[in-house]
Amino acid sequence: MITDTTFQKVQFIEIEPDLEGQRIDNFLRTLLKGVPKSLIYRIVRKGEIRVNKKRVKPEYKLQAHDQIRIPPIRVSEPNEAPSTKLDKVASLESHILFEDDLLIVLNKPSGMAVHGGSGLSFGVIEALRALRPQARFLELVHRLDRDTSGCLVIAKKRSALKNLHEQLRDKKMDKRYQALVVGEWPENRYKVNAPLLKNILKSGERLVSVDSEGKPSETRFRVLDRYIGATLVEASPITGRTHQIRVHCLHAGHPIACDDKYGDAEFTEMLHKKGLKRLFLHAYSLAFIHPKTEDRVSFQAPLDQQLTKALSALEARN
Numbered sequence: 001m002i003t004d005t006t007f008q009k010v011q012f013i014e015i016e017p018d019l020e021g022q023r024i025d026n027f028l029r030t031l032l033k034g035v036p037k038s039l040i041y042r043i044v045r046k047g048e049i050r051v052n053k054k055r056v057k058p059e060y061k062l063q064a065h066d067q068i069r070i071p072p073i074r075v076s077e078p079n080e081a082p083s084t085k086l087d088k089v090a091s092l093e094s095h096i097l098f099e100d101d102l103l104i105v106l107n108k109p110s111g112m113a114v115h116g117g118s119g120l121s122f123g124v125i126e127a128l129r130a131l132r133p134q135a136r137f138l139e140l141v142h143r144l145d146r147d148t149s150g151c152l153v154i155a156k157k158r159s160a161l162k163n164l165h166e167q168l169r170d171k172k173m174d175k176r177y178q179a180l181v182v183g184e185w186p187e188n189r190y191k192v193n194a195p196l197l198k199n200i201l202k203s204g205e206r207l208v209s210v211d212s213e214g215k216p217s218e219t220r221f222r223v224l225d226r227y228i229g230a231t232l233v234e235a236s237p238i239t240g241r242t243h244q245i246r247v248h249c250l251h252a253g254h255p256i257a258c259d260d261k262y263g264d265a266e267f268t269e270m271l272h273k274k275g276l277k278r279l280f281l282h283a284y285s286l287a288f289i290h291p292k293t294e295d296r297v298s299f300q301a302p303l304d305q306q307l308t309k310a311l312s313a314l315e316a317r318n
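Residues 1 to 318 in the UniProt record's numbering are what the sequence shown spells out, letter by letter.
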């Protein structure tokens, strides 16, 4: 994390090959966290930012080994990283399922947002940047709802981020979730294909509904286990809409356990009594082509203790 003493004097930065093709304005916004966007554009336009001793426009695309001149800049303090002494931050280290020089696969805990904002001082990405201060690049490849746990991928290089985003667009990344839903999910209901429309309330809260004006959305399902009054299903989202699995389960008539937005109050109350205090939606499996080795890799995140206890408390249906 850059502190407000980092750029008190002129500095020169050499661009690594991995950053080739990135616009200089986007590069500077990542580098100079805490500096207002308006100031970054102003110093570029005034020629205070130089590339190979020449003035450039904000849309200039970086080339490998470009020499960037950064003038003295005061970086404001509000973007200070969360302390690594905070339990929530420190505990993330034990949630890492895999890490190499290109990516991190994390078993994200329920209740932790993927990034700060909307009244949250920090999320997963800010916490990881605090734990990895030497990392020059850490960005989320995809997102999980705050209350959803499980596999989350973070890219450590821009080339890896681009590669994995392409896989998401081309539907080459296989994401599978486990969800406990109310009632008996029909054995022959293999998918829900229903368009989703996102609404943002005045409070900033996001609510999603099935609507013919919405974006095409598809989730595939299969039954894993049956219980008296509940079904454990595997959900595989083919598209990646906000709250997709939660709303598609509601649309199918089988909302997810302990869902405070789209749930069934009676079902939630029953599971609260059995000790479940969180949304029963867990991204338990993730598979994709590794950007470097080009091998297909897969990762599994075990259910947390609260989820396994909830299943143990239910009566299995024979």
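Quick reminder that beta carbons are idealized off the backbone N, C-alpha and C, glycines included.
Here the structure is a predicted model, which means the values were calculated and not measured.
Count the other CB atoms, across all protein chains shown, that sit within 10 Å of the CB of residue i; report buried if there are 16 or more and exposed otherwise.
{"i": "Phe12", "result": "exposed"}
{"i": "His272", "result": "exposed"}
{"i": "Lys9", "result": "exposed"}
{"i": "Thr5", "result": "With a pLDDT of 42 at Thr5, under the threshold of 50, the modelled position of this residue cannot be trusted; read the value that follows with caution. Exposed: under 16 other Cβ atoms inside 10 Å."}
{"i": "Thr308", "result": "exposed"}
{"i": "Thr3", "result": "Summary for Thr3: the model assigns pLDDT 42, below 50, so the residue's position carries little reliability; its value from the coordinates is reported in the next sentence. By the neighbour-count rule (16 or more Cβ atoms within 10 Å), Thr3 is not buried but exposed."}
{"i": "Val297", "result": "exposed"}
{"i": "Asn107", "result": "buried"}
{"i": "Gln244", "result": "buried"}
{"i": "Asp101", "result": "exposed"}
{"i": "Ala179", "result": "buried"}
{"i": "Asn163", "result": "buried"}
Which residue comes first and which comes last in the alpha helix (DSSP H) that contains residue i?
{"i": "His248", "result": "Gln244 to His251"}
{"i": "Val35", "result": "Neither: Val35 is in no alpha helix (DSSP H) and is coded neither H nor E."}
Name the DSSP bridge partner or partners of residue i?
{"i": "Pro17", "result": "Paired residues: none, contrary to the question."}
{"i": "His282", "result": "Ser149 and Gln178"}
{"i": "Arg23", "result": "Lys61"}
{"i": "Lys198", "result": "Val208"}
{"i": "Phe288", "result": "Val297"}
Looking at the secondary structure, which residues open and close the beta strand (DSSP E) in which residue i lies?
{"i": "Lys191", "result": "Lys191 to Asn193"}
{"i": "Lys108", "result": "Leu103 to Lys108"}
{"i": "Ile125", "result": "Run containing Ile125: none in the beta strand (DSSP E); it sits in the alpha helix (DSSP H), Val124 to Leu131."}
{"i": "Leu97", "result": "Ile96 to Glu99"}
Mapping the DSSP letters down to three states, classify residue i as helix, strand or coil.
{"i": "Ser209", "result": "strand"}
{"i": "Ser236", "result": "strand"}
{"i": "Val223", "result": "strand"}
{"i": "Ser203", "result": "coil"}
{"i": "Gln67", "result": "strand"}
{"i": "Arg296", "result": "strand"}
{"i": "Asn52", "result": "coil"}
{"i": "Ala155", "result": "strand"}
{"i": "Glu187", "result": "coil"}
{"i": "Leu314", "result": "coil"}
{"i": "Phe267", "result": "helix"}
{"i": "Ile228", "result": "coil"}
{"i": "Ile40", "result": "helix"}
So residue i packs on residue j, CB below 8 Å; how close in whole Å?
{"i": "Leu286", "j": "Val153", "result": "7 Å"}
{"i": "residue 321", "j": "Arg246", "result": "No statement about residue 321 is possible, as the shown extent of the chain runs from 1 to 318 and does not include it."}
{"i": "Leu276", "j": "Asp259", "result": "Incorrect: roughly 11 Å between the Cβ atoms, too far for contact."}
For residue i, would you say it is in contact with chain C, using Cβ-to-Cβ distances shorter than 7 Å as the test?
{"i": "Ala301", "result": "The question asks about chain C, but that chain is absent: this structure has only one protein chain."}
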